[in-house]
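A.B. asks: Quick one: the structure is below, questions incoming.
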Amino acid sequence: MSRWPAKVTIKEVGPRDGLQNEATPIATADKIAWINLLSETGLSYIEVTSFVHPKWIPQLADAVEVGTGIRRKAGVTYAALVPNEKGLERALGAGVDEVGVFMSASETHNQKNINKTIAATFPVLEAVVQTAKQAGKTVRGYVSTVFGCPYEGAVAVDQVLMVADRLLAMGVDELSLGDTIGVATPKQVEDVLAEVLRRFPAGRIAMHFHDTRGTALANILVSMEMGITTFDSSLGGLGGCPYAPGASGNVATDDLVYMLHGMGIETGIDVEQLTKAALFIRDKIGRPLSSRYLQTVGS
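Counting the sequence shown from 1 gives a position; the working numbering is that position plus 1470.
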């Protein structure tokens, strides 16, 4: 029996997590065109934007325009981050398929990112989850700073388990565990997942690795060995967190697809179409992207 899964689900977060940290905002029409290109790649999940107040994430101030302007493809889930009930109302009006709620495992990052304590965040998210469920939407929960915090350093796994337990108990369908600042190493991933998977089924856990120190693909390999088959990534390696100093981009979707396909693991993604979408957003941003795969294909 192979130690690797036969199939992996890749959740593309570039239009949200990738673009939110860009210094120069991307035109709404270009965001829509990029998402439409992503829809033709075989991806089954695209996180298109965030309905956070524009004051906090000005790069995504056009969330409603993007949500209502994209061309939706059957079989693709179009998701968005939602911070509270007001954001949820806008997201539902824009026709999102899945709602993402988010918080941190570390107290300081949660207060910097959400302006609330962890304890005060739970009731806000529970209201969002309940309303989203009543509207017939699935809900995804993001937990940031699982492997380390830019302000506090190491994060206790018990803290991660407590946050995960509360989110799943309130009705979140899937948890995405984030290495927000890209500090995780394979042994740490193994140790944390061993504890997480004692409590929760692997099918409800996704991993979200940033590649700040070049360990993201190695961390994904360990995660797959432990039964995880859903991973977040960002085309070209775009991304970062405005409230996590030093955080660089997400693991690159194109690098991840190259590795998985080379291992005989199915993703459903067309590499040629994916490269076309990567070159498009690279040209709109106007600088080279960090993915290794993209550097091999040139223009």
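C-beta atoms are modelled at their ideal positions from N, C-alpha and C, and glycine is treated no differently.
Pick out whichever of E1660, R1542 and G1684 has its Cα sitting closest to the Cα of T1511.
C.D. replies: Closest option to T1511, Cα to Cα, is R1542.
A.B. asks: In terms of alpha-carbon separation, which member of R1560, I1675 and A1549 lies closest to L1513?
C.D. replies: Among R1560, I1675 and A1549, the Cα nearest to that of L1513 belongs to A1549.
A.B. asks: Please report the straight-line C-alpha distance between D1500 and K1754, rounded to a whole angstrom.
C.D. replies: The alpha-carbon atoms of D1500 and K1754 are separated by roughly 7 Å.
A.B. asks: Assign N1583 to buried or exposed, taking buried as 16 or more other Cβ atoms, counted over all protein chains shown, within 10 Å of its Cβ.
C.D. replies: Per the 10 Å Cβ criterion, buried.
A.B. asks: Which first and last residues belong to the alpha helix (DSSP H) in which K1586 is found?
C.D. replies: Element bounds for K1586: n/a, residue is neither H nor E.
A.B. asks: Along the alpha helix (DSSP H) that carries I1751, what are the first and last residues, could you check?
C.D. replies: Here the alpha helix (DSSP H) through I1751 covers V1741 to I1755.
A.B. asks: Can you find the residues in the same chain that come closer than 8 Å, C-beta to C-beta, to V1642, ignoring five residues on each side of it along the sequence?
C.D. replies: The residues are V1571, V1599, V1609, R1610 and G1611.
A.B. asks: Cα separation between D1702 and S1614?
C.D. replies: Roughly 13 Å separates the two Cα atoms.
A.B. asks: Could you tell me the distance, in whole angstroms, from the CA atom of K1477 to the CA atom of G1484?
C.D. replies: Spanning the two alpha carbons is a distance of roughly 21 Å.
A.B. asks: Hey, how far is the Cα of S1472 from the Cα of V1659?
C.D. replies: Approximately 20 Å, taken between the alpha carbons.
A.B. asks: Which whole-angstrom value describes the C-beta separation of M1733 and W1474, a residue pair presumed to lie in contact below a C-beta threshold of 8 Å?
C.D. replies: Indeed they touch by this definition, with Cβ atoms about 6 Å apart.
A.B. asks: Thinking D1681 and G1719 are a contact (beta carbons under 8 Å), I'd like their distance in whole angstroms, please.
C.D. replies: Right, their Cβ atoms sit about 6 Å apart.
A.B. asks: Assuming F1617 contacts A1561 (C-beta within less than 8 Å), just tell me the rounded distance between them.
C.D. replies: Their Cβ separation, rounded to whole angstroms, is 28 Å, which puts F1617 and A1561 out of contact at 8 Å.
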